[in-house]
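Trainee: Numbering (my numbering), first residue to last: -14 to 217.
1) With 16 as the cutoff for other CB atoms within 10 Å, does residue 195 come out buried or exposed?
2) Pairing CB atoms from the segment 156 to 174 with CB atoms from the segment 0 to 20, are three or more of them under 8 Å?
3) Which ranges does the beta strand (DSSP E) cover as unbroken runs of at least 3 residues, wholly within the segment 150 to 201, from first to last along the chain?
4) Take residue 102 and list the residues in its own chain whose beta-carbon comes closer than 8 Å to its own, dropping the five residues that flank it on each side.
5) So who's on the other strand from residue 59, going by DSSP bridges?
6) Could you check what DSSP says for residue 71 in three-state terms: helix, strand or coil?
7) How big is the Cα-Cα spacing for residue 49 and residue 38?
8) When DSSP builds the beta bridges, which residues end up paired with residue 24?
9) Suppose you measure from the CA of residue 131 to the CA of residue 142; what does that come to, to the nearest Å?
10) Anyone know if the C-beta pair for residue 125 and residue 95 falls short of 8 Å?
11) Taking 8 Å as the cut-off, decide whether the C-beta atoms of residue 189 and residue 158 are in contact.
12) Leaving out five residues on either side along the sequence, give the residues of the same chain with a beta carbon under 8 Å from the beta carbon of residue 200.
13) Which residues in the same chain as residue 116 place their Cβ atom closer than 6 Å to its Cβ, once the five residues preceding and following it in sequence are excluded?
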């Protein structure tokens, strides 16, 4: 999978925030999905200033893995609230570049437009790849409009201070905690909720994201390989 990075990653926090505002203007909230044959989950795990990224592509009909890629690399941007993509995206994009199958849809472990500058991690990845992207996270977006039912499929919208709907609290499995779903890029919220639910069969997270999260953490168990910018 070929990617073209449209910007550098090493910059001041002020320049990063300005870039977020610029990229946010490129987000499409209109569904631009054709047939979804392949759905990919992406996740990043950072420990000891080393980023570990995994991308897992599933056949959407069967939810069986058909492609997977990983990358390990030292992070070059410190952890700063609301600037997570500048730390996590470079290693993830390295993993995505190694995929042999181009997915029709990304589901990212992170928020989309539910962000102070409307460019969370999922939206940032969506804009850079121009692939439809959905954000989902365990981290709360805020209080939902209504109390969320306990059964699978229940959802309630979440609004920002301007009363704009920015996401939804979604019950992917009965009696499990909710996921917080938001638009990443080239999807709307209704479509995002639909795909998150259909791709979540037995776990809190959609299967592709579950596998990506697991694989990124497994990479953390091989620290001896991480010297000198080693990637795999």
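Think of the CB as a built atom: it goes at the ideal place given N, C-alpha and C, for glycine as much as any other residue.
Mentor: Answer, in terms of the structure:
1) The residue you call residue 195 lines up with position 210 of the chain shown. By the 10 Å Cβ count, residue 195 comes out buried.
2) yes
3) 150 to 155 and 164 to 170
4) On the chain shown, residue 102 is found 117 positions in, with the first residue counted as 1. Once the five neighbours on either side are set aside, the close Cβ partners of residue 102 are 2, 5, 6, 9 and 67.
5) Along the chain shown, read from residue 1 onward, the residue named residue 59 stands at position 74. Its beta-bridge partners are 35.
6) Position 86 of the chain shown holds residue 71. If DSSP states are grouped into helix, strand and coil, residue 71 belongs with the helices.
7) Here the question's residue 49 lines up with position 64 in the chain shown. Here the question's residue 38 lines up with position 53 in the chain shown. Each residue's Cα considered, the two are about 20 Å apart.
8) To locate residue 24, count along the chain shown from 1; it is residue 39. Answer is 43 and 90.
9) Position 146 of the chain shown, counting from 1, holds the residue named residue 131. Position 157 of the chain shown, counting from 1, holds the residue named residue 142. C-alpha separation (whole angstroms): 8 Å.
10) Translated into the one-based positions of the chain shown, residue 125 becomes position 140. Translated into the one-based positions of the chain shown, residue 95 becomes position 110. Not in contact: residue 125 and residue 95 (Cβ atoms no closer than 8 Å).
11) Along the chain shown, read from residue 1 onward, the residue named residue 189 stands at position 204. Along the chain shown, read from residue 1 onward, the residue named residue 158 stands at position 173. Their beta carbons are under 8 Å apart, which means residue 189 touches residue 158 by this criterion.
12) Within the chain shown, the letter at position 215 stands for residue 200. Excluding positions up to five away in sequence, the list reads 28, 39, 41, 53 and 55.
13) As a first step, residue 116 is located in the chain shown; it is residue number 131 there, counting from the start. Contacts found: 91.
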